[in-house]
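Just below is one structure, and these are the notes that go with it.
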Amino acid sequence: MKVEANRVVSFHYRLFDEDGELIDDTHGGEPLPYLHGKANIIAGLEQAMDGHEAGETLRVKVPPQLGYGLYDDDKVRTLEPSFFEPLGGAEIGKYCQLEDDQGKLELAQVVEVSDEGVTVDSNHPYAGRSLNFEIEIVEVREASSDELARGRIEPAGV
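Numbering-wise (full-length UniProt numbering), the sequence shown opens with residue 1 and increments by one.
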């Protein structure tokens, strides 16, 4: 059965950065299932798997525009240290939730702490980066009516 819209696809992947360093690997766990054609995974992966079948292995280079987007300097801002007092203070690597210009919550990571303030970055960690995937398509099946109605696959046990 071919990968196409409204089918459930389960796959394993290995993700490498531009230097060939392994960033993430789903092998050793369960394959990742998703509902194809519903933008539940990054566009570059979904496009690459379209038309392929279970048992196939693909190597895919996903540019930033089809991955986690271009790096946006406007998503880096400096906050007053007092913002972090209720959170136990600011430290590099710590995450917090902020409202964007439209009032939507977004996750931001502390990237610098100084006397002038706390710099946070709400870009995805892989924004602006080309991503190299090795994908193994494990299973392709028809989606159930419940899965189609939800537009996604619920994790096991939910």
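Ideal placement from N, C-alpha and C gives every residue a C-beta, glycine not left out.
Span of the alpha helix (DSSP H) around residue 47: The continuous alpha helix (DSSP H) containing residue 47 extends over residues 43-49.
Cβ pair count under 8 angstroms reaching 3, the region 53-60 against the region 134-145: Yes: at least three Cβ pairs fall under 8 angstroms.
Delimiting residues of the alpha helix (DSSP H) encompassing residue 146: According to the DSSP assignment, residue 146 belongs to the alpha helix (DSSP H) that extends over 145-150.
Start-to-end residues for the beta strand (DSSP E) that takes in residue 117: Note, residue 117: beta strand (DSSP E), 117-121.
Environment of residue 1 [buried if 16+ CB atoms lie within 10 Å]: Looking at its Cβ environment, which holds fewer than 16 other Cβ atoms inside 10 Å, residue 1 is exposed.
Own chain, CB closer than 7 angstroms to residue 90, minus 5 neighbours either side, in chain order: These residues qualify, in order along the chain: 81, 84, 110, 113, 118.
Bridge partners - residue 132, DSSP secondary structure assignment: Paired residues: 16, 61.
Beta-carbon proximity check, residue 15 vs residue 107, cutoff 8 angstroms: With contacts defined as CB atoms closer than 8 angstroms, residue 15 and residue 107 fail to qualify as a contacting pair.
Cβ-based burial, residue 36 [other Cβ within 10 Å; buried from 16]: With 16 or more Cβ atoms within 10 Å of its Cβ, residue 36 is classed as buried.
Residue 161, buried or exposed, once every other Cβ within 10 Å from all chains shown has been counted against 16: A query on residue 161 cannot be resolved here, the shown segment of the chain reaching from 1 to 158 and no further.
Whole-angstrom distance between residue 121 and residue 77, CA atom to CA atom: A straight line joining the alpha-carbon of residue 77 with that of residue 121 spans about 7 angstroms.
Classification of residue 126 by the beta-carbon crowding that lies within 10 angstroms, buried from 16 upward: Burial check for residue 126: the Cβ neighbour count within 10 Å reaches 16 or more, so the residue is buried.
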